[in-house]
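To start, the structure itself, in structure tokens.
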């Protein structure tokens with residue numbers, strides 16, 4: 191991976207920042223990192239700054255954390271409770287097998303809050319079509335698959351408007 | 071406030087002719103979209119959540135006459151009292167800021183605020199009335215949606231702090247009186263079978279699996295993947311089967327051990343009518359026999375409604391509320407026996 195600033199050297203320092211509710215990653219080479227550090231009017235020495243970054247990075251890799259409420263997946267393991275609605279997105283991949291085990295399904299088919307209905311109908315249609323698409327590909331019915339793909343695209347456009 | 075509750079005597083129990091299925095209940099869990107779940111929310115957030123929910127409740131015409139209390143304003147005895155009436159959970163008794171409780175007039179509908187989820191909304195009725203309860207609670211849930219935005223994802227449904235409740239976030243349950251299955255020792259097999267079919271069952275009174283008074287609560291375990299109506303239909307189906315089994319057990323008891331059964335029931339009534347000290351456990355087990363005796367026509371002149379109410383009012387916090395003071399255990403046993411003697415008098 192190349193440095194995000196000079197686009198020449200290999201990035202060896204990875205900075206993860208949370209801005210608002212978005213995660214911004216910055217990959218820097220050691221040279222640019224040094225410059226960036228100097229930019230930051232901070233009394234920390236470079237080495238301290240860098241160790242801080244490295245630690246952060248290690249943490250980033252090891253700890254799965256909800257960006258919104260700060261709950262880690264380990265906290266969830268210990269307590270059995272999630273922290274907020276965003277945890278379901280943050281830990282989605284890990285939660286799905288668990289949900290399947292508990293409920294035997296990961297598809298909500300019950301009621302939908304009023305006012306959400308149109309979106310929901312679209313979303314459900316798209317989900318169903320994706321399943322059909324996977325099936326068509328498996329059966330090597332490529333014409334049918336292409337037709338379904340176009341239909342999905344159309345619905346996605348409608349949804350994202 | 072409590073005098074009112076004591077006088078009303080559980081109007082939701084009603085005059086249901088259904089004897090085996092004591093009551094039905096549906097509970098919905100909801101969380102406000104923009105706040106963390108209660109255990110992760112700060113004190114001030116929890117208080118804000120409570121205010122918003124309270125505001126929404128009182129905007130609904132149907133809840134104009136309901137009561138809303140902050141849990142920190144209740145003492146331990148008050149909380150125990152509501153626990154005994156099945157309005158709050160053990161967890162809701164634990165002190166923590168921002169907890170609230172709403173009770174509709176008539177106690178049919180109640181809501182715990184900031185328990186495990188921001189909203190735990192329940193509706194209760196005597197007898198076997200799950201379909202009707204679903205219609206009602208669904209309507210109130212829709213009405214609340216006009217004022218509150220709930221955490222929801224299209225594929226995972228309503229989001230709850232514990233993933234065992236997501237999806238419909240619905241728990242439907244029926245309280246069954248199963249002395250026949252207990253006496254014929256078939257109950258464990260039935261409970262095992264229910265667990266295999268993904269239904270949860272537990273005793274009504276007491277902790278864990280100890281089922282005082284032969285009451286068992288059966289509820290759905292799964293909440294995601296099936297619609298509310300399907301979940302309820304499945305529960306209705308299984309409850310009907312358990313009821314059939316109980317009826318069969320009763321028929322076989324009457325056929326094979328009629329005199330033994332009459333003796334047991336007669337003794338139970340004798341003790342309830344004559345004791346001066348009686349524990350909750352003892353009282354519940356004799357009331358259970360009495361209730362069975364009325365249903366089988368062995369006991370006449372005592373109405374089922376009286377016994378239904380006694381199951382609730384002989385519990386410790388109810389006795390203390392009625393007496394208006396804290397009672398030591400022995401005093402409670404005395405007051406309990408007094409109430410039982412009075413309400414089960416022969417000439418009534």
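Protein chains in written order, with my numbering: chain A, 191 to 351; chain B, 71 to 418. All residues carry an ideal CB built from backbone N, CA and C; glycine is no exception.
Here residue 252 of chain B carries a helix assignment [DSSP, helix/strand/coil]. Counting the other Cβ atoms within 10 Å of the Cβ of residue 114 of chain B gives fewer than 16, which makes it exposed. Among the residues of chain B, none has a CB under 7 Å from the CB of residue 253 of chain A; the nearest is roughly 17 Å distant. At a C-beta separation below 7 Å, residue 303 of chain A has these neighbours in chain B: 215, 220 and 222.
The distance from the Cβ of residue 232 of chain B to that of residue 305 of chain A is about 26 Å, inconsistent with a contact at the 8 Å cut-off. Restricting attention to alpha helix (DSSP H) runs no shorter than 4 residues, the stretch 140-200 of chain B encloses them at 146-154 and 160-163, ordered along the chain. The Cβ-Cβ distance between residue 96 of chain B and residue 207 of chain B falls below 8 Å.
Spatial neighbours of residue 343 of chain B in its own chain (CB-CB distance under 8 Å, excluding positions within 5 residues in sequence) are listed in chain order as 410, 411, 414, 415 and 416. Look at the stretch 311-331 of chain A: the residues with a C-beta under 8 Å from a C-beta of chain B are 313, 314 and 317. When beta bridges are read from the DSSP output, residue 270 of chain B appears opposite B:289. Around the beta-carbon of residue 112 of chain B, fewer than 16 other beta-carbon atoms lie within 10 Å, marking it exposed. At a C-beta separation below 9 Å, residue 200 of chain B has no neighbours in chain A, since its nearest C-beta there lies roughly 15 Å away. Setting aside the 5 residues that flank it on each side, residue 119 of chain B is surrounded in the same chain by 102, 105, 108, 111, 168, 183, 184 and 188, each with a C-beta closer than 8 Å to its C-beta; the list follows chain order.
Straight through space, the alpha carbons of residue 138 of chain B and residue 212 of chain B are spaced by roughly 20 Å. Distance check between residue 237 of chain B and each of B:298, B:252 and B:151 places B:298 closest, using alpha-carbon atoms only. Between residue 229 of chain B and residue 278 of chain A, the C-beta gap is smaller than 8 Å, which places the two residues in contact.
In terms of Cα proximity to residue 349 of chain A, the closest of A:337, A:316, A:326 and A:336 is A:316.
Within the same chain, 80, 154, 155 and 388 come within 7 Å of residue 382 of chain B by CB-CB distance, once the 5 residues on both sides are set aside.
A direct Cα-to-Cα measurement between residue 151 of chain B and residue 144 of chain B gives close to 10 Å. Here residue 135 of chain B really is in contact with residue 175 of chain B; their C-beta atoms are around 4 Å apart, less than 8 Å.
Sequence-distant Cβ neighbours of residue 310 of chain A in its own chain, meaning closer than 7 Å and more than five residues away, are 302. Residue 329 of chain A and residue 338 of chain A have their C-alpha atoms some 14 Å from each other.
Apart from sequence neighbours up to five positions away, the residues of its chain that approach residue 332 of chain B with a beta-carbon distance below 7 Å are 368, ordered along the chain.
Here the alpha carbons of residue 198 of chain B and residue 361 of chain B stand approximately 17 Å from one another. For the 8 Å CB-CB criterion, residue 305 of chain B and residue 265 of chain B do not form a contact. No Cβ of chain A is located within less than 8 Å of the beta carbon of residue 161 of chain B. Approximately 7 Å separates the beta-carbon atoms of residue 315 of chain B and residue 256 of chain B; this is inside 8 Å, confirming the contact. DSSP places residue 242 of chain B inside the beta strand (DSSP E), whose first and last residues are 240-247. If you ignore the 5 residues before and after residue 334 of chain B, its C-beta comes within less than 7 Å of the C-beta of 359, all in its own chain and listed in chain order. DSSP links residue 93 of chain B through a beta bridge to B:196 and B:245.
For the pair of segments examined, the stretch 284-303 of chain B was found to touch the stretch 243-263 of chain B: the number of CB pairs separated by less than 8 Å reaches three.
At a C-beta separation below 8 Å, residue 217 of chain A has no neighbours in chain B, since its nearest C-beta there lies roughly 31 Å away. Beyond the five residues adjoining it in sequence on each side, residue 397 of chain B comes within less than 7 Å, by CB distance, of 389, 390 and 405 in the same chain, given in chain order.
Under the Cβ criterion of 8 Å, residue 342 of chain A is not counted among the residues facing chain B.
Below the 7 Å Cβ cutoff, chain A contributes 300 and 301 as neighbours of residue 298 of chain B, in chain order.
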